[in-house]
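All the letters of the sequence shown, read from the start, carry residue numbers 1 to 270 under UniProt numbering.
Even for Gly, the Cβ is constructed at its ideal location relative to N, Cα and C.
Computed from a prediction, not measured in an experiment: that's the story for all the values here.
Report on one structure; see the data block that follows.
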Amino acid sequence: MERECPETCEKITRDVLLQMLKRENELRLSKEALEEIEMESREYDGNDNENESNKNKKEHENEKVHIPMSIMKWQERVVREFGYESNDEVNYALQTLRSARRLYPNDMEIKDATYYLKYNRINRGTLGVGDEWKDVTLMTCNAQAKKLSDIIREQDSFNFVFVYILEAHASDEWPIRTKPNLCIKQHASLKDRCSLAIRLIDEFHFQIPVFVDTMDNCFQTTYAAWPLRAFLLHHSTIQFILQPKWPEEEKELEFIFSFFFGMLFLFILK
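Take a look at the structure:
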């Protein structure tokens with residue numbers, strides 16, 4: 001349910017909302033904001049003693065959208081800069097700001113105003129448990145094409161396969177890190193993508209087969225890049241899909257997968 005505009009302020013028009021989004025984008029891409037977001041993400045220590053930033057993640061009234069405290073701070077700064085001052089005014093403006101894409105679903109200017117709307121590729125996809133898995137073409141790290149069906153046929157009774165897809169948080173699109181080793185630009189070519197996959201294997205001493213998505217992102221489009229996504233394939237069907245809810249279930253896994261932002265996982269059981 002949308003929050004009513006308080007009588008003490010002007011209703012936010014589409015044009016004003018666009019300017020607010022552009023200002024938020026400017027602030028969130030600043031070095032100060034990125035460092036705060038990174039620091040907040042490091043505060044999670046993997047145990048049951050949650051820090052205050054985790055405790056204070058909020059939900060929208062009818063949407064399970066959890067916003068880190070650092071981002072909430074920058075959003076509040078934006079709405080106050082636009083003249084919304086009382087608690088009612090600030091809450092109204094914040095809800096409108098956070099609902100921009102829902103309010104204007106077909107407005108490309110609104111979508112492109114902020115990197116987190118423009119480059120948000122999160123998608124649950126259409127495949128479900130019990131569905132037949134779909135065959136797609138993948139690439140080896142040496143840029144050789146290979147069908148998923150051939151990869152599965154070659155596996156033993158149980159195996160893991162990692163597929164490196166496009167970067168979820170590329171430094172030139174949706175950055176969330178400031179450390180050089182985690183600031184990766186979006187892949188411009190298959191050679192670029194394969195080189196980064198090899199780097200990942202070398203740096204993390206991978207012993208598990210790693211394949212690379214094609215540059216038309218066929219695997220990512222088919223299997224969908226929902227966070228921490230993994231599929232268990234058995235015979236011709238999908239037996240299980242990992243898609244944790246935020247934040248409770250994700251806390252059990254985020255430390256394990258914290259470095260694999262651009263990965264989809266396949267667990268193959270024959």
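- Shortest Cα-Cα distance from D192 to any of D213, P209 and R23 involves D213.
- As DSSP reads the structure, A93 sits in no beta bridge.
- For A100, the uninterrupted alpha helix (DSSP H) run begins and ends at A100 to L103, by DSSP.
- Close CB contacts of Y84 within its chain, under the 8 Å cut and outside five residues either way in sequence, are with C9, V90, Y92 and A93 (chain order).
- A contact between stretches requires three or more CB pairs, one per stretch, nearer than 8 Å, and the region 114–130 meets this requirement with the region 233–241.
- F231 sits in a strand when the DSSP states are folded into three classes.
- For T137, the enclosing beta strand (DSSP E) starts and ends at T137 to M139.
- Comparing C-alpha distances from Q19 to each of N123, A168 and V79 shows the shortest one belongs to V79.
- Under the 8 Å Cβ criterion, the region 146–157 does not count as touching the region 101–115, having fewer than three qualifying pairs.
- Sixteen is the threshold: when 16 or more other Cβ atoms of the shown chains lie within 10 Å of the Cβ of M139, as they do, the residue is buried.
- Membership of T237 in the beta strand (DSSP E) is indicated by the continuous run T237 to L242.
- Between I184 and Q220 the beta-carbon gap is near 16 Å, outside 8 Å, which marks them as no contact.
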